[in-house]
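Numbering (this note's numbering), first residue to last: 38 to 245.
This is how it looks when you write it as structure tokens:
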């Protein structure tokens, strides 16, 4: 929390006082075949590092938690993001139909980079993400991903967002992809748009 607050204060002159300081943990949310499109949540939510799942993993990398993720109990991909994952992840993984994956949700940064405000209306998320990523986020992500994926066989899906206003710099999802390579010495098997765009069939087919 202290490192995140320091990143926020470095990035934003007067941040809103009510943003969430705590982290949103990575979670195991069940087997692929257990995901139901009409369910209100995933079949289970367990801390990723404490999960006893020992089969082939699919690690879905998201970006950073927003607001619903911090409604107790705290966890990644609630609301529409979770609904779209349950609806369409089977399709994304259809080329791997010999596997019934255990699904793990991992945020690139576990803190609320949006500071609880709409990224379309407030300029917080991109600058806070970049500052946090450069100060502690990348190292923390590499540690989490390597400890998770090196224990078991894992397929990695990079669905991090592109990021706004990064100009000629590499995009946020490319920063994350570089960190995947540092963690695992290989690229993500699937590089795709964030689940918030999966309602569009063209977005589900698009790779980068």
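From the three backbone atoms N, C-alpha and C, an ideal C-beta is built for every residue, glycine too.
How would you label residue 128, buried or exposed, when you count the other beta carbons within 10 angstroms and need 16 or more for buried?
Within the chain shown, the letter at position 91 stands for residue 128. Flag for residue 128 reads exposed.
Could you pull the start and end residues of the alpha helix (DSSP H) that residue 186 belongs to?
To locate residue 186, count along the chain shown from 1; it is residue 149. Element bounds for residue 186: 175-186.
For the alpha helix (DSSP H) that contains residue 129, what are its first and last residues?
As a first step, residue 129 must be located in the chain shown, where it is residue number 92. Residue 129 -> alpha helix (DSSP H) spans 116-129.
Taking the DSSP output, what are the residues bridged to residue 83?
Within the chain shown, the letter at position 46 stands for residue 83. Partner(s): 65.
Please state the DSSP three-state secondary structure of residue 95.
As a working mapping, residue 95 is identified with position 58 in the chain shown. Three-state result, residue 95: strand.
So which of 180, 168, 218 and 194 has the shortest CA-CA distance to residue 44?
Within the chain shown, numbered from 1, the residue matching residue 44 stands at position 7. Minimum Cα distance to residue 44 is reached at 168.
Let me confirm a value: residue 205 is counted as buried when at least 16 other C-beta atoms fall within 10 Å, else exposed. Which label applies?
Looking up residue 205 in the chain shown gives position 168. Bear in mind that the predicted position of residue 205 carries a pLDDT of just 49, short of 50, making it too unreliable to give a figure here.
Simplified DSSP assignment, three categories, for residue 152
Along the chain shown, read from residue 1 onward, the residue named residue 152 stands at position 115. Reduced to three states, the DSSP call for residue 152 is coil.
How many angstroms separate the CA atom of residue 106 from the CA atom of residue 147?
Stepping through the chain shown from its first residue, residue 106 is reached at position 69. Stepping through the chain shown from its first residue, residue 147 is reached at position 110. Those two C-alpha atoms are separated by around 10 Å.
Would you tell me roughly how many angstroms separate the C-alpha atoms of residue 217 and residue 77, rounded to the nearest one?
Taking the first residue of the chain shown as 1, we reach residue 217 at position 180. Taking the first residue of the chain shown as 1, we reach residue 77 at position 40. So the two alpha carbons sit approximately 31 Å from each other.
Quickly, what does DSSP pair residue 140 with across the bridge? List them, please.
Stepping through the chain shown from its first residue, residue 140 is reached at position 103. Its beta-bridge partners are 95.
Taking the straight line between their C-alpha atoms, what separation do you get for residue 48 and residue 165?
Against the chain shown, residue 48 aligns to sequence position 11. Against the chain shown, residue 165 aligns to sequence position 128. Taking the straight line from one Cα to the other gives about 6 Å.
Please classify residue 62: is it buried, with 16 or more other beta-carbons within 10 angstroms of its beta-carbon, or exposed?
Along the chain shown, read from residue 1 onward, the residue named residue 62 stands at position 25. Result: buried.
Just the C-alpha distance for residue 119 and residue 182, rounded to the nearest angstrom, thanks.
Counted from its first residue, the chain shown places residue 119 at position 82. Counted from its first residue, the chain shown places residue 182 at position 145. About 20 Å.
I think residue 140 touches residue 84, with their Cβ atoms under 8 Å apart; what is that distance to the nearest whole Å?
As a position in the chain shown, residue 140 is number 103, starting the count at 1. As a position in the chain shown, residue 84 is number 47, starting the count at 1. Residue 140 to residue 84, Cβ: 14 Å. No contact.
Just to confirm, are residue 172 and residue 124 a CB contact at a threshold of 9 Å?
The residue given as residue 172 occupies position 135 in the chain shown. The residue given as residue 124 occupies position 87 in the chain shown. Taking 9 Å as the Cβ cut-off, residue 172 and residue 124 do not qualify as a contacting pair.
Taking the beta carbon of residue 155 as the centre, do at least 16 other beta carbons fall within 10 Å, making it buried, or is it exposed?
Your numbering for residue 155 matches position 118 in the chain shown. Burial call: exposed.
Three-state secondary structure assigned by DSSP to residue 54:
Position 17 of the chain shown, counting from 1, holds the residue named residue 54. In this structure, residue 54 counts as coil in the three-state DSSP scheme.
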